[in-house]
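So the structure is just underneath, and the comments pick up after that.
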Amino acid sequence: MTVDYTDLHDPNAEYTMRELSSETMGVTAERGGGRDVEITDVQTTMVDGNFPWTLVRVYTDAGIVGTGEAYWGAGVPELIERMKPFVVGENPLDIDRLFEHLVQKMSGEGSIEGVTVTAISGIELALHDLAGKILDVPAYQLLGGKYRDQVRVYCDCHTEEEADPEACADEAERVVEELGYDALKFDLDVPSGHEKDRANRHLRPGEIRHKAEIVEKVTERVEDRADVAFDCHWTFSGGSAKRLAAEIEDYDVWWLEDPVPPENLEVQEEVTKSTTTPITVGENRYRVTEERRLIENQAVDIIAPDLPKVGGMRETRKIADVANQYYVPVAMHNVSSPVATMASAHVATAIPNSLAVEYHSYELDWWSDLVEEEVISDGYIEIPEEPGLGLTLDLDTVEEHMVDGETLFDPAP
Ligand SMILES: [Mg+2]
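The numbers in numbering that gives the first Met the number 0 rise by one with no breaks, and the one at position 19 of the sequence shown is 18.
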């Protein structure tokens, strides 16, 4: 069932005292230099990747189309449809104001955290692609320019024998030597055979020894050829997390990710401060507000926002700015298609404290076919000089892998 929200909601209704539309703000759309542009439509198409990627397109009366992507999540396309009346008729170059406008308009529907922020992020990415194309500059230029020509990518690694330390080491060897990455991540919340209860967050001694053995085998196999991170997916108690982090201090661990749920900031802070193992958190936090608290309390050594989920390119830039004031590097979490991956790379080149951007799809042999341009090469992303994100969607590939029942975007002019 498709709901037409324009029938349910008058975009001009005065629901709030804080209106940021161009009409209420008195912002003129008339501008020189080809910048007199209005948004005419917003469309989404979901692609069945290793996650259900939500691609977003913003159309204009200038015939220029911006392409973005929202992190996957139930209801995200519907929320984007819901927001369409708030941006149609607006000038897409007013990215900050339109972001604030959407946050304010959607405040009753959860624009502080969760899928509403994700949906806003998808539109925000498309606005950067659009603004770059209108102004004829790459998106990173809108964010202040470059720190680097190439952005480092780390490869999330999997093996069917995820609990076998030697199998993990073999996979690390393969990814370094055959796929060309010098930065890797493995899951550490894998069964060890020593578990008595998978719900209580407590790690038994045999479990800690098993996890330390995975860390030992992988890091000693790759040695200086790659940096290796390990992910725990918010699994353990504070006490167990501290024991695990201490147990692996002697190995060359790039970072230990999400050993505890970060919602309880005091516990997160205590775990991080208890160990010399670098602790990374951030992929499930939203907007600068939530990420800021982790950074200000020094509850993280590395911050890991997910750009098409956390609030988009400018919000990630703001998080990186806060992190930089605390000398904290940024390792962007990313499970997206080439579109949001490239958006992450544009931000990563525009901030001083970028560590790496994640690639989470090496088992998907058509990931790179989604766009015409090469995105990742030898473990790095070369920052494109083309306008906007610098990508061209391959609509045949999009259509081939669309989620059942989806319709393809209208073609870009
Ligand atoms: Mg993670």
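Where is the CB? At the ideal position from N, CA and C, for every residue including glycine.
With contacts defined by Cβ atoms closer than 8 Å, Lys210 and Arg203 do not form a contacting pair. Between the alpha carbons of Val174 and His100 lies a distance of about 44 Å.
In the structure shown, Thr315 falls within a helical segment according to DSSP collapsed to helix, strand and coil.
For Ile133, the enclosing alpha helix (DSSP H) stretches over residues Val114 to Leu134. Residues of the same chain with a CB within less than 6 Å of the CB of Gly143, apart from the 5 flanking positions on each side, are Ala349 in chain order. A heavy atom of ligand 1 is found nearer than 7 Å to the CB of Asp230. Residue pairing by DSSP puts His332 in a beta bridge opposite Asp305.
Secondary structure of Met82 (DSSP, three-state): helix. Counted as a single uninterrupted DSSP element, the stretch harbouring Glu357 is not any alpha helix (DSSP H) but the beta strand (DSSP E) occupying residues Ser353 to Tyr358.
Here the stretch 17–24 does not lie against the stretch 71–84, with fewer than 3 beta-carbon pairs under 8 Å apart.
In terms of Cβ geometry, Glu290 and Pro304 form a close pair [threshold 8 Å].
In the DSSP assignment, Leu264 falls outside any beta strand (DSSP E) and lies within the alpha helix (DSSP H) extending over Leu264 to Lys272. Phe98: member of the alpha helix (DSSP H) spanning Ile94 to Lys104, first to last residue. Note on geometry: alpha-carbon atoms of Phe85 and Val41 lie some 10 Å from one another. If only complete runs of 4 or more residues are kept, the stretch 148–209 shows the alpha helix (DSSP H) at 164–176, in order along the chain. Ligand 1 has a heavy atom closer than 7 Å to the beta-carbon of Asp257.
For Leu255, DSSP records a beta bridge to Phe229 and Ile278.
Sorting Thr288, Leu187, Glu256 and Glu248 by C-alpha distance to the C-alpha of Thr275 places Glu248 at the top. DSSP places Gln140 in the uninterrupted alpha helix (DSSP H) bounded by Ala138 to Leu141. The C-alpha of Leu97 is placed about 13 Å away from the C-alpha of Leu129.
C-alpha of Tyr379 to C-alpha of Ile111: approximately 33 Å in a straight line. Distance from the C-beta of Glu282 to the nearest heavy atom of ligand 1 is below 7 Å. Per the DSSP secondary-structure output, Val46 pairs in a beta bridge with Trp52 and Met401. From the listed residues Ala355, Phe408, Gly237 and Ile318, the smallest Cα separation to Met331 is found for Ala355. Remark: the C-beta of His157 is outside contact range of ligand 1, defined as less than 7 Å to any heavy atom. According to DSSP, Leu392 shares a beta bridge with Val370.
By the Cβ neighbour-count rule, Tyr153 is buried, with 16 or more other Cβ atoms within 10 Å of its own. Using a cutoff of 7 Å, the CB of His359 does not count as near ligand 1, since none of the ligand's heavy atoms is closer than that. Within 7 Å of the C-beta of His332 there is at least one heavy atom belonging to ligand 1. Annotation: the continuous beta strand (DSSP E) that includes Val64 extends over Val64 to Ala69.
Residue range Tyr379 to Glu381 is occupied by the beta strand (DSSP E) that includes Ile380. Using a 10 angstroms sphere on the CB of Val26, the tally of other CB atoms stays under 16, which defines it as exposed. For Ala244, the enclosing alpha helix (DSSP H) has its first and last residue at Gly237 to Glu246.
Counted as a single uninterrupted DSSP element, the alpha helix (DSSP H) harbouring Glu295 occupies residues Arg286 to Glu295. Distance between Arg224 and Leu134, taken at the CA atoms: about 41 Å. Just so you know, the alpha carbons of Ser239 and Arg200 end up roughly 8 Å apart.
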